[in-house]
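Let me begin by presenting the structure, written as C-alpha cells, before commenting on it.
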Amino acid sequence: MDDLLNVSGVSNDDSDEEHLTAAQVLEKLEQAWMNERLSPNLMECKSQIVEIMLEQIEEMEANIQRAQKGDLKISLHRLELDRIRYVVSSYLRCRLEKIEKFAPILLEREKSKSDDEPSKLSPEEFAFAKELVGNVDNHFKSSALKHMPRNLQNIALHEITSRPNLDHYVFLRVHQREEGVIVDPETDDHAEDRVDLEVGAQHLMRYQPIEQLVENGAVSLI
Amino acid sequence: MLITDPVNDFFNKVKHERVLVMVALDVDALCACKILQALFKCDHVQYTLVPVINKSQLIKEFEEHKEQYKHIVLLNCGGNIDLLHILDPSEDISFYVIDSHRPIDLVNFFCEQQIYMLLKHDEDEIAAIPDYDSIYRDYDSDDEDSENDETEQVSKRHRFDEATLEKRRERKKWEEKRKEIIFDYEEFSFYGPSAAMLVYELAWKMSKDNNDQLWWAITGVADQFQNKKIGRDKYVSSVLELQGHMSRLNHRDEDDDNTKSVNSVKISFEHDLDLALYRHWSLFESLCHSLPTASAFKVWTNMGIKRLHQFLAEMGLPLTQCKQNYSFMETKMRDNLQSLVEESAEKFGLRNIKYQSFSAQCGYNHRLCASDAVYSVGALLEKLYSKDSQAAGENSNFVDSLDSLSRVTAPKMQDGLELAKLQLQAIKSSVSSFIDIGQILSYGPFLYTAVREGMPDYKYFGKPIFLNLFSHFLLNSYVRSLNKTKRERAKNLPLVICAPFNVDDGTTIIIGIPPLADESRKNLFGNAFLHAAERTKSRTSHESFDSSIITLKNEDLSKFLDALITIMS
Amino acid sequence: MEPGDVEFIAEKELVKIVPNFALGKIYFISGDVGPFSPGLPVDVPLWLAIAIKQRQKCRVHPPEWLDVDKIETMKDDEIASEFFTELPNPHFCEVAQLLLTHATDNIPNADLLRTLIKDIWDIRAAKLRSNIDKFVKLQAGHARLDNLSQMEINTIRPFLTASLDHMYQLRISQSYTERNMSTQ
Amino acid sequence: MDVSHKSSSGMLQDYMSIDDILMSSERLPSVFLVPVKGLGFLDASTNKKDIAVGTKMDLPLWLVLSLAHPRKKFISFDYTKPYKGTYREILKADASVVDLHKIGPFFYAFGQQLLTLNHNESLQMAKCLVLTFMERFRKIMDWSVNAYEHDNSERQEKLDEVERNLFKLGQKSLQSFQQWEMGESRKLSSSELVSRHRKRKRDMSE
Numbered sequence: 001m002d003d004l005l006n007v008s009g010v011s012n013d014d015s016d017e018e019h020l021t022a023a024q025v026l027e028k029l030e031q032a033w034m035n036e037r038l039s040p041n042l043m044e045c046k047s048q049i050v051e052i053m054l055e056q057i058e059e060m061e062a063n064i065q066r067a068q069k070g071d072l073k074i075s076l077h078r079l080e081l082d083r084i085r086y087v088v089s090s091y092l093r094c095r096l097e098k099i100e101k102f103a104p105i106l107l108e109r110e111k112s113k114s115d116d117e118p119s120k121l122s123p124e125e126f127a128f129a130k131e132l133v134g135n136v137d138n139h140f141k142s143s144a145l146k147h148m149p150r151n152l153q154n155i156a157l158h159e160i161t162s163r164p165n166l167d168h169y170v171f172l173r174v175h176q177r178e179e180g181v182i183v184d185p186e187t188d189d190h191a192e193d194r195v196d197l198e199v200g201a202q203h204l205m206r207y208q209p210i211e212q213l214v215e216n217g218a219v220s221l222i
Numbered sequence: 001m002l003i004t005d006p007v008n009d010f011f012n013k014v015k016h017e018r019v020l021v022m023v024a025l026d027v028d029a030l031c032a033c034k035i036l037q038a039l040f041k042c043d044h045v046q047y048t049l050v051p052v053i054n055k056s057q058l059i060k061e062f063e064e065h066k067e068q069y070k071h072i073v074l075l076n077c078g079g080n081i082d083l084l085h086i087l088d089p090s091e092d093i094s095f096y097v098i099d100s101h102r103p104i105d106l107v108n109f110f111c112e113q114q115i116y117m118l119l120k121h122d123e124d125e126i127a128a129i130p131d132y133d134s135i136y137r138d139y140d141s142d143d144e145d146s147e148n149d150e151t152e153q154v155s156k157r158h159r160f161d162e163a164t165l166e167k168r169r170e171r172k173k174w175e176e177k178r179k180e181i182i183f184d185y186e187e188f189s190f191y192g193p194s195a196a197m198l199v200y201e202l203a204w205k206m207s208k209d210n211n212d213q214l215w216w217a218i219t220g221v222a223d224q225f226q227n228k229k230i231g232r233d234k235y236v237s238s239v240l241e242l243q244g245h246m247s248r249l250n251h252r253d254e255d256d257d258n259t260k261s262v263n264s265v266k267i268s269f270e271h272d273l274d275l276a277l278y279r280h281w282s283l284f285e286s287l288c289h290s291l292p293t294a295s296a297f298k299v300w301t302n303m304g305i306k307r308l309h310q311f312l313a314e315m316g317l318p319l320t321q322c323k324q325n326y327s328f329m330e331t332k333m334r335d336n337l338q339s340l341v342e343e344s345a346e347k348f349g350l351r352n353i354k355y356q357s358f359s360a361q362c363g364y365n366h367r368l369c370a371s372d373a374v375y376s377v378g379a380l381l382e383k384l385y386s387k388d389s390q391a392a393g394e395n396s397n398f399v400d401s402l403d404s405l406s407r408v409t410a411p412k413m414q415d416g417l418e419l420a421k422l423q424l425q426a427i428k429s430s431v432s433s434f435i436d437i438g439q440i441l442s443y444g445p446f447l448y449t450a451v452r453e454g455m456p457d458y459k460y461f462g463k464p465i466f467l468n469l470f471s472h473f474l475l476n477s478y479v480r481s482l483n484k485t486k487r488e489r490a491k492n493l494p495l496v497i498c499a500p501f502n503v504d505d506g507t508t509i510i511i512g513i514p515p516l517a518d519e520s521r522k523n524l525f526g527n528a529f530l531h532a533a534e535r536t537k538s539r540t541s542h543e544s545f546d547s548s549i550i551t552l553k554n555e556d557l558s559k560f561l562d563a564l565i566t567i568m569s
Numbered sequence: 001m002e003p004g005d006v007e008f009i010a011e012k013e014l015v016k017i018v019p020n021f022a023l024g025k026i027y028f029i030s031g032d033v034g035p036f037s038p039g040l041p042v043d044v045p046l047w048l049a050i051a052i053k054q055r056q057k058c059r060v061h062p063p064e065w066l067d068v069d070k071i072e073t074m075k076d077d078e079i080a081s082e083f084f085t086e087l088p089n090p091h092f093c094e095v096a097q098l099l100l101t102h103a104t105d106n107i108p109n110a111d112l113l114r115t116l117i118k119d120i121w122d123i124r125a126a127k128l129r130s131n132i133d134k135f136v137k138l139q140a141g142h143a144r145l146d147n148l149s150q151m152e153i154n155t156i157r158p159f160l161t162a163s164l165d166h167m168y169q170l171r172i173s174q175s176y177t178e179r180n181m182s183t184q
Numbered sequence: 001m002d003v004s005h006k007s008s009s010g011m012l013q014d015y016m017s018i019d020d021i022l023m024s025s026e027r028l029p030s031v032f033l034v035p036v037k038g039l040g041f042l043d044a045s046t047n048k049k050d051i052a053v054g055t056k057m058d059l060p061l062w063l064v065l066s067l068a069h070p071r072k073k074f075i076s077f078d079y080t081k082p083y084k085g086t087y088r089e090i091l092k093a094d095a096s097v098v099d100l101h102k103i104g105p106f107f108y109a110f111g112q113q114l115l116t117l118n119h120n121e122s123l124q125m126a127k128c129l130v131l132t133f134m135e136r137f138r139k140i141m142d143w144s145v146n147a148y149e150h151d152n153s154e155r156q157e158k159l160d161e162v163e164r165n166l167f168k169l170g171q172k173s174l175q176s177f178q179q180w181e182m183g184e185s186r187k188l189s190s191s192e193l194v195s196r197h198r199k200r201k202r203d204m205s206e
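Shown next as C-alpha cells:
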C-alpha cells in the first residue's frame, strides 16, 4: 500500500528525485504546517506535498467505499483522514492569513526576485494576492484618494502596509548540526555573538539568522 | 417471537442499520434508553430517539417514520398491545420489544416474523404464557369447514352424519376452553423484570458494560419497586443479581495500588433507610414525607406529630439537628443514624423500615441512592409546563430527564430533587386533607375518592407517575387511620381514584390500584375498566400503556362507576 | 498555537494497548498498525488508542514512565536541580493528561499521578520564569533550553516572544542613537 | 493586537496602526529656527500673518519628525517631562512603581520615535528606556502568568500600552491552557456568528 512516491526537489537539494513513503510525506507536511504557523514570515510553498496528500486522501476514500459496511476499520480510517484534512486546511488557511497581511510586500518581492529562487507563493496564492492588492487599491482610490489634491493621490501600498518582523523571537529544535550562526550583529559595546547548533538542542533566538535553515529543514520551529 | 440470543438476533442485526427507538415516559424506560444509547455509541449505530406518552402517539410517530426506518426498538411500550393490528406495518419492518408490562400480547409472542420480544429467561415468566395449541388450532383442517358453513349452508343440511356433528361439538368445547384460558391470562395486569435490567444484561453479554450502565440498571429496578410496580420478593431477586454485577465492577479496593480514581462512579450496596430523599432534606421533613413513616405516625394528626417528636427524642436526636439539612448534621449523628432509627423503629410500630438499596458516589460530593434518582427523574419527567407549549414542554421534560441521568453528579439531578420535594409536599398535604374530611368512600368492592378541581396542586394529579405514587400513599395512610376492626376489611379493598385530566375538554383520569394486602401487585382494573366501558358505552380512552389508568369524559363518570361496582361485586 | 493543537500533535505518540477484538493489519497513511489479537499488547498512536478505548474495545497499558514512584523521583530531581530535568517524553504533559482523562480506570492511582504531574508543572513554570528574568536582564541574544516540553513552550511563547521583540527594538534604538552620537 | 514593528530607520513603520496615529499626535515643545510665511494662524497667541524666528509652540510629533530632521533643521525641540533628567532619575531609582500610563500611555513608542532625532540627552534617554523595561519586566510577567481571580484592572493601571498588551498576551495563553486542562477545549460550542444568524432568521419567520 505505501508505494514510493517521487517527490521532486522537496527538501534537500542534492537529489532532485526523492522517493518518500506516504508516512514520510505526511511527516514533512506536518513539519511544514508547524513551521508556517510559528514563523513570522511566509515560508516557501510546499504545494507539491499538499497535492500528494490530497491524492492519498482521495485514494483512501475510494478504498473505504469499497470496504463492506460496518467494519471497525472504516471508522478508524475516516478518523485519520479527518486529522490529515485538518492539517492541510490549517496549513493553507495559515498561509492565506499571512498573505492577506503582507500582500503588497510579497508581490513586490515576487517582482524583484531572481528567477532561480523558488517562488514563495503558489500560482493560486499569487493570483489571490494580486486580486487582493488590486481591490485594496481601488477601494482607497474610489473612497478617498480621488477627492484629494493631485499630488497626494498616489500611494505606494507596499511602503505603508506592515512588513513581516524578521527579528521576531522563535523557539527551534536542531536537526542538522550548524556552526557559527551569527545571532547578534557586531555592535560597539558587545562583540559578534555566534552560536553552534547541536543536533537535538532547543534554542530561542531571532528568526532572521536561521530563516534559511528552517527553509531547508536543518532546523524546525516548535 | 421470543429472542433466544439477544446479542446476535437483536444487536448484531440492528448494528449496521438506522434504528428508531421509541421510549415510554417512565424512569425504567429512560434508564433502558441510556444503556442502549451507550451501546449504540460503541458501534457508531445511527439511531433516532422518540418519546411516546401513549398508544395514539406511538401510532402517530410510527406513521411519520415508517418510510426511513426498517428497525424499530420499543422500550416499555407495545409489549401488551397487538402491534401488528394497530400499526399494520409493511412486511420489511421489524420490531424489537423490550417491555416490562405484562401480560404480553399473545399475537406479539407467537407471530413468527416482524415482532421480536426480548424477555428474561426465567421459567415462571415463560410458563405463565399458555402454550400454542391451546390458543391456535392448526387452521388447515378446520378452515374449510368453517368457511363452507357460511357459504353452502343449504346444500350441507342433508349431510348430518355423525363425523361433522362430533367435530363441531369438539371445536365448540375447544373454543370455550380457549376463551377461558385467555380470560385467565389477561385478567390481571402486572409488571415483569425491568427493561433497564434486560438491556444491561445485553451489554454484559457483549462485555461492554461499565459502572454507569450498572447504575442505570439499578435505577430502573428501583423505579419499579418504589412505584409499587413489583412486590418486595421480585425486587429482592433482582437485587441479588445486581449485587453480583456490582461486586464484579466495584471490587472493594483491598489491594490499594489500583484504587479507582476519585472522579469515577463507585457503587455500593447497603441496607438503607426507607426514607424519601433523606440525604438531601432534613430528617424531620423526610420522616413526614416518607410513605412508611408518615402513615405509621399518622402525621396528619397533631397527636401523630407528638409521637414523631417522642420518636426523635427516643433516638436521642435534638430537634434542631433533625430540622437541619442532612449534610449539616453532626457527623457522629449522621453515621449511626441508621442503627438509631432501627432500634427505636420496632417500638413505634414501624415495620421493615430498612430495605436493600444501592448508592453511587462520584468525586467528593454526597452519595446519591437509587430511590433519590428515581424521585428526581420522575419529577423532571412530569414537570408542569404551560398549556400552549404542549409538545415543546413534553420534549423538554424528556430531554431534561435524560440529561439528569447522564452522570451521577449531573446538575439537572439537583433540580429534579428540588422538584421531587415539592411533589412530596403536595402529596402529604392532599393526603392529610383527604383523611381529615373523610373523602375516601367505600363503594362496596373498592374504595373510591375523587380529586376536585378546586383543590391546591390539582394539576399534579393529571400525571400518571404522580397519581400512582399519591394513590399508594393515600391507601396506606387511610388503612392506617382506621381502627382495628375496619382495618382488616379495608386492607383487602383496592382503591380507585379519579382526578381532572384535561380541564378544557372536560376529561378525568382514573387509576385503580390493588389492595394493600396483595403483595403480588396484580391489578385487575385493566379488564374491569374495559368491560365497564363497553357496558355503559362511555367515551373512555385506554391510551396509557399501563392498562389500569384510563381517561374518560366527566359526564360518563357516574354511570361508569356504577357499572364498575356491578362488575366487581 | 492553541493548546488543542499541541495536544493534536502529541496524539501521534505511540502507546501500548491490549485489544479485546481480532483484526488484521490496518494500512494507515501515517503508517501500518496491528494486527490486533485479543489479549496481545500492540503499539498504536495515542489518537487511535483513545478512539478504540472509547468504544470499550481495548485496555490501555500506561507507558512505563507514568508510574507513581518514577514521577515522584522526577519531582524530587526537579526540586533539587537548578536546571530543567530531562522529561521522559517531549509531550510529557499532554500524553499524561490525555491518558488520565480517557483511560482513568486503566491507570493505577490516577489522582495521585494527576496531582504529582501538576506539582512538577508548577515547579518548572516557576523555574522558567526566573530563567526568563535572568535572560532579559543579561540582554542576551539567544538562549538554549533543551529539556523544555512542547506544552510549556506553547504556554509561555506569546508573552515571552513579544517581550523579547520589544526588548530587541529598544536595544536597536539605543545602538542606533549611539552610532548617531559617535558620528556627530 | 500584535506589537507593531518599528524599523530602526525611525520611519513610522506601521502606517495603518491606530496606536501609531494616536501616539504621534502627542505634542512637543519646539522653537522655530526659521521664519515661515503665511502660517501665522497656527500660533493662537498672536494674530500676525506669519511665524517669526524663535516663536515657541507645541507641535505634534508627526510634524516635529519631519521639521526637525537632522538635514532640514527648521525647528529645535525639547523632550517632554517624562523623558527629561528628573524623571529619568526616578525611573532609574525604581521603575516598577512608576505609573507609566499616567505620564503618557505610549511611553516606549514615543521615546523610540524621539531617538530618531538627535538631541543631546538622547543617549541617556535610550539607556533609560531599556533599563526601565528590564526593571518592570519581572512584575509584568509574574502578574500576567498566574491567574488572578478578581478583576485585573487595578494591576494594569500602571502599565503603558505595550506592557498592557504583553499582560493580555500572558493572561490569554494562561486561560487557554487552564481551559484545555479542564477539558473545555473538547466541548464543541456553536460560534456566536451562527447563533446570532439563527436568531435573526427566527425573527423573520415569526
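Protein chains in written order, with the UniProt record's numbering: chain D, 1 to 222; chain L, 1 to 569; chain A, 1 to 184; chain P, 1 to 206.
Beta carbons are placed, not taken as given, at the ideal position from N, Cα and C, and that holds for glycine.
The beta carbons of L:Ala-195 and L:Leu-75 sit closer together than 7 Å. Among the residues facing chain D, P:Tyr-108 is not included, as its CB has no counterpart in that chain under 7 Å away. For secondary structure counted as the beta strand (DSSP E) over 3 or more consecutive residues, the UniProt domain "GINS subunit" (65-170) of chain A holds no complete run. Following the DSSP letters along the chain, one finds A:Tyr-27 inside the beta strand (DSSP E) bounded by residues 26-28. When secondary structure is reduced to three states using DSSP, L:Cys-31 falls in the helix class. Taken through DSSP and simplified to helix, strand or coil, L:Gly-79 comes out as coil. Bounds of the alpha helix (DSSP H) holding L:Met-568 are 557-568. Per DSSP, L:Lys-205 lies in no beta strand (DSSP E) segment; the continuous alpha helix (DSSP H) that holds it begins and ends at 195-205. Per DSSP, P:Thr-55 is not a residue of any beta strand (DSSP E), being assigned neither H nor E. In the DSSP secondary-structure assignment, L:Ala-24 is bridged to L:Val-52. A residue is called buried once 16 or more other Cβ atoms fall within 10 Å of its Cβ, and L:Gly-416 is buried on that count. Rounded to whole angstroms, the separation of the alpha carbons of D:Leu-29 and D:Lys-98 is 18 Å. A distance below 7 Å separates the beta carbons of L:Leu-249 and L:Asn-211. DSSP places L:Arg-178 within a helical segment (H, G or I) once states are collapsed to three. Annotation: the continuous beta strand (DSSP E) that includes L:Tyr-96 extends over 94-98.
Pairwise C-beta distances place the region 492-499 of chain L in contact with the region 460-477 of chain L, as three or more of them are shorter than 8 Å.
Counting only residues of its own chain and dropping the five nearest sequence neighbours on each side, D:Ser-122 has a CB closer than 7 Å to the CB of Cys-45, Ser-47. Boundaries of the beta strand (DSSP E) around L:Lys-553: 549-553. Under a criterion of Cβ atoms nearer than 7 Å, the residues of chain A adjacent to L:Ser-264 are, in order, Thr-104, Asp-105. Residue state for L:His-472 is assigned as helix, using DSSP reduced to three classes. Within its own chain, the residues whose Cβ lies closer than 6 Å to the Cβ of L:Lys-412, once the five positions on either side in sequence are excluded, are Asp-400, Asp-403, Ser-404, listed in chain order.
Chain A places a beta carbon closer than 7 Å to that of P:Ala-126, counting this residue as a contact.
With a contact defined as Cβ atoms closer than 8 Å, D:Val-219 and D:Val-174 qualify at about 5 Å. Chain-order list of chain A residues neighbouring P:Leu-115: Ser-173, Gln-174, Tyr-176, Thr-177, by C-beta distance under 8 Å.
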